[in-house]
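S.K.:
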Amino acid sequence: NAGVTQTPKFQVLKTGQSMTLQCAQDMNHNSMYWYRQDPGMGLRLIYYSASEGTTDKGEVPNGYNVSRLNKREFSLRLESAAPSQTSVYFCASSELTATEAFFGQGTRLTVV
Amino acid sequence: DQQVKQNSPSLSVQEGRISILNCDYTNSMFDYFLWYKKYPAEGPTFLISISSIKDKNEDGRFTVFLNKSAKHLSLHIVPSQPGDSAVYFCAAWGMDSNYQLIWGAGTKLIIKP
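In order, the protein sequence lines correspond to chains Y and V.
Taken in order, the first sequence gives residues 1 to 112; the numbers are from my numbering.
Taken in order, the second sequence gives residues 113 to 225; the numbers are from my numbering.
Now the structure itself:
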């Protein structure tokens with residue numbers, strides 16, 4: 001039972017470098033999400049995809065882009081990483097937008 | 113402006129006793145509330161939820177109470193077990209948030225043996 005799989009688990013980037021975080025779910029869920037978690041704060045929504053073929057901005061979308069590649073996969077891209085993007089990133093999926101979400105294990109990203 | 117607040121960053125409880133985690137919210141349009149549990153180096157996992165039309169929901173050792181007039185909810189864990197040591201997040205959604213979850217900052221629960 002894989003559920004939601006994120007890669008990589010850890011990454012260190014230099015300022016200005018780019019990278020893509022990958023996420024895949026095997027639960028046939030329609031909705032997928034990318035969150036970031038910073039110390040002392042709750043999870044904040046970066047982007048979400050309510051269904052295959054759609055993406056929408058969340059609370060903190062600046063500096064990020066996403067692609068809903070198919071129903072299973074939802075990737076998050078940092079085009080030019082900044083130290084402010086140092087965070088733990090979580091991908092999640094849910095059957096529909098307003099139902100319980102299942103999370104991946106997270107990606108700890110450090111931008112130096 | 114934090115719409116969902118968990119004012120206690122941490123809570124320490126003796127094994128076997130009751131753990132009570134609190135959550136306050138400011139948006140009266142929220143109509144569904146959830147609690148998630150998170151262990152270190154793992155993603156959050158769903159624990160229990162409650163709709164705004166109810167004031168209590170129970171699932172085994174876990175009970176969530178909702179007081180809409182006070183915009184307050186609480187999670188009770190009875191009896192507390194060592195495996196309950198984790199960070200607990202309160203989250204809420206409603207039409208106002210376009211049904212996207214708004215999260216509290218979390219409370220770290222430590223169960224002492």
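Glycine included, each C-beta is placed from N, C-alpha and C at the ideal position.
Keep in mind it's a predicted model, so treat the numbers as computed, not measured.
With 9 Å as the C-beta to C-beta threshold (strictly closer), list the residues of the region 135-148 of chain V near chain Y in chain order.
M.R.: Within the region 135-148 of chain V, the residues whose Cβ lies closer than 9 Å to some Cβ of chain Y are Tyr144, Leu146 and Tyr148, listed in chain order.
S.K.: Identify each residue in the region 27-53 of chain Y for which the Cβ-Cβ distance to at least one residue of chain V is less than 7 Å, and report them in chain order.
M.R.: Flagged, chain order: Gly40, Met41, Gly42, Leu43, Leu45 and Tyr48.
S.K.: Hey, could you find the ends of the beta strand (DSSP E) arginine 129 (chain V) is sitting in?
M.R.: Walking along the second sequence from the start, residue 129 (chain V) turns up at place 17. Neither: arginine 129 (chain V) is in no beta strand (DSSP E) and is coded neither H nor E.
S.K.: Using 9 Å as the limit for Cβ to Cβ distance, is alanine 92 (chain Y) near chain V?
M.R.: Mapped onto the first sequence, residue 92 (chain Y) falls at position 92. Yes, alanine 92 (chain Y) lies at the interface with chain V (some Cβ there is under 9 Å from its Cβ).
S.K.: Give every residue of the same chain whose Cβ lies closer than 7 Å to the Cβ of alanine 198 (chain V), excluding the five residues on either side of it in the sequence, and list them in chain order.
M.R.: Counted from its first residue, the second sequence places residue 198 (chain V) at position 86. Cβ neighbours of alanine 198 (chain V) beyond the five flanking positions: Lys149, Lys150, Tyr151 and Leu221.
S.K.: Confirm, please, whether the CB-CB distance from serine 80 (chain Y) to glycine 63 (chain Y) is below 9 Å.
M.R.: Residue mapping note: residue 63 (chain Y) aligns to position 63 of the first sequence, counting from 1. Residue mapping note: residue 80 (chain Y) aligns to position 80 of the first sequence, counting from 1. Cβ distance < 9 Å, so glycine 63 (chain Y) and serine 80 (chain Y) count as in contact.
S.K.: Closer than 8 Å by beta-carbon distance: list the chain V residues that pair up with glutamate 100 (chain Y), in chain order.
M.R.: What you label residue 100 (chain Y) is simply residue 100 of the first sequence in a count that begins at 1. Correct list: Leu146, Phe158 and Ser161.
S.K.: Can you say whether phenylalanine 145 (chain V) is buried or exposed, counting buried as having 16 or more other CB atoms within 10 angstroms of its CB?
M.R.: On the second sequence, residue 145 (chain V) is found 33 positions in, with the first residue counted as 1. Flag for phenylalanine 145 (chain V) reads buried.
S.K.: Taking all protein chains shown into account, do 16 or more other C-beta atoms lie within 10 angstroms of the C-beta of arginine 129 (chain V), making it buried, or fewer, making it exposed?
M.R.: Within the second sequence, numbered from 1, the residue matching residue 129 (chain V) stands at position 17. Answer is exposed; the Cβ neighbour count stays below 16.
S.K.: The beta strand (DSSP E) that contains valine 241 (chain V), what's its start and end?
M.R.: Given that chain V is displayed from residue 113 to residue 225, the structure contains no residue 241 (chain V) and the question cannot be resolved.
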